[in-house]
Amino acid sequence: MNNTNIFLPQSDTFLVTKEHKRFTQFCKACMEDKYIGICHGKPGIGKTKSARQFSEWDIYLQYVQRKKQLTSEQLAILAQCQTFFYTAPVLASPKKTRTQVVEGMIEFADCVREVRKQLGLSADEMVFNYCKMVIVDEADRLKMTTLEELRDLYDHTNIGMVFIGMPGIEKRLSRYPQLYSRIGFAHEFRILDTQQVVPVIEYYWKETGIAIDPNEKECSAAIAAIIRVTNGNFRLIQRLFKQIKRVLKINKLNRITEEVIETAKDCLVIGMA
Ligand SMILES: Nc1ncnc2c1ncn2[C@@H]1O[C@H](COP(=O)(O)OP(=O)(O)OP(=O)(O)O)[C@@H](O)[C@H]1O
Ligand SMILES: [Mg+2]
């Protein structure tokens, strides 16, 4: 069993944002054109979450770990999966990383084939009919020699490959001309703009059990404060709402106000954008 076995599926709700749609377009382009693509963006803005959603990774993990039966709808999704999602390890030799990726791709293709057979769909033996792309998350962790191994794997497999990392990864990779010359697309994963952030805030707000009316003055001031504090960063929005819930509970409040947000913000010690 590959290292996928040690990762747990994430069960929280996925919110479809414009940033996710842009990321999906970018991945599809890399897959179709069989290019290497680089996706870069600030921490906590949803790169990993979007990549897992695009590859339907949680459904795959749920299937291989066999802890919970998939629904027929999930099986149908898995039967169409084409992307192997890989998290770059903190410490691993270049050869070991390559082996993990190759074995993971084969295991993934086997699984999709098995599901297709179960559903009575066409299923041949070709790995690359089922694994058409690899997404490498946390690519900043990879040393040059490992990147070279993956570049060589790319040359031998005729699939798309996407590296996800922090801002600056595109500059770092540009120092390796052989890899860089194979890069077809660079994609910046952006923070949520005001238009996108409001529905996200509304979602977490409703989760607190408190009604929201953005047209109401106190409520719109609170929303504006959340935007100001989190700057459209998904991780910060989630963390802020955890604190908001705490503040509401401790103070027995049933309204989210600017004051509540300021108090909640003060509890968030690190990572403010
Ligand atoms: N579209 C989304 N729907 C729901 N939750 C999301 C979404 N995008 C991100 N999140 C949540 O926001 C948090 C941060 O997201 P994620 O880990 O994907 O960020 P990242 O850009 O990969 O950060 P890092 O650079 O630190 O790896 C996670 O808890 C994730 O579940
Ligand atoms: Mg990430």
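Residue numbers for the sequence shown follow my numbering, so the first one is 733 and each next one is one higher. Where is the CB? At the ideal position from N, CA and C, for every residue including glycine. From a predicted model like this one, the values you see are computed outputs, not experimental measurements.
Secondary structure note for I809: it is in no beta strand (DSSP E), and the uninterrupted alpha helix (DSSP H) holding it is 804-811. A Cβ-Cβ separation of about 5 Å places Y818 in contact with V868 under the 8 Å criterion. The beta carbon of C951 sits closer than 8 Å to those of I944, D945, I988, all from its chain and outside the five residues before and after it, given in chain order.
With respect to K864, I891 sits close: the two C-beta atoms are nearer than 7 Å.
Residues of the same chain with a CB within less than 8 Å of the CB of N861, apart from the 5 flanking positions on each side, are A841 in chain order. With fewer than 16 other Cβ atoms from the protein chains shown falling within 10 Å of its own Cβ, S913 counts as exposed. With a threshold of 6 Å, the Cβ atom of K779 counts as near ligand 2, since some heavy atom of the ligand is closer than that. When the alpha-carbon of E920 is set against those of E764, K753, V748, D744, the nearest one is in K753. Taking a C-beta distance under 7 Å as the contact criterion, I896 and K779 qualify as a contact pair. Annotation: the continuous beta strand (DSSP E) that includes T815 extends over 815-819.
Taking the C-beta atoms as reference points, Q785 is found nearer than 7 Å to F746. For M858, there is no enclosing alpha helix (DSSP H), as DSSP marks it with neither H nor E.
Taking non-hydrogen atoms of ligand 1 into account, the C-beta of F746 is found less than 6 Å away from one of them. The three-state reading of DSSP puts E788 in coil, since its state is none of H, G, I, E or B. For R904, the CB stays at least 6 Å from every heavy atom of ligand 1. In this structure, I933 is the residue among K949, R798, I933 with its C-alpha nearest to the C-alpha of G964.
When the beta-carbon positions are compared, A956 and I993 stay at least 7 Å from each other. Counting only the Cα atoms, R883 lies some 11 Å from V894. Counting of Cβ neighbours within 10 angstroms places K800 among the exposed residues, the total staying below 16. Judged by DSSP secondary structure, D869 falls within the beta strand (DSSP E) whose first and last residues are 865-869. Remark: the shortest separation between the CB of P775 and any heavy atom of ligand 1 falls under 6 Å. Listed as beta-bridge partners of V894 by DSSP are G769, I867. In the structure shown, the three-state DSSP call for G836 is helix. Between A918 and E902, the C-beta gap is smaller than 7 Å, which places the two residues in contact. Per DSSP, reduced to three states, the secondary structure at F746 is coil, with no helix or strand assignment. Relative to ligand 1, the beta carbon of F966 is positioned inside 6 Å of a heavy atom. Cβ-Cβ distances below 6 Å link C813 to E788, V844 in the same chain, with the five nearest sequence neighbours on each side left out; the list follows chain order. The beta-carbon distance between G773 and C762, rounded to whole angstroms, is 16 Å. This is too long to meet the 8 Å contact definition.
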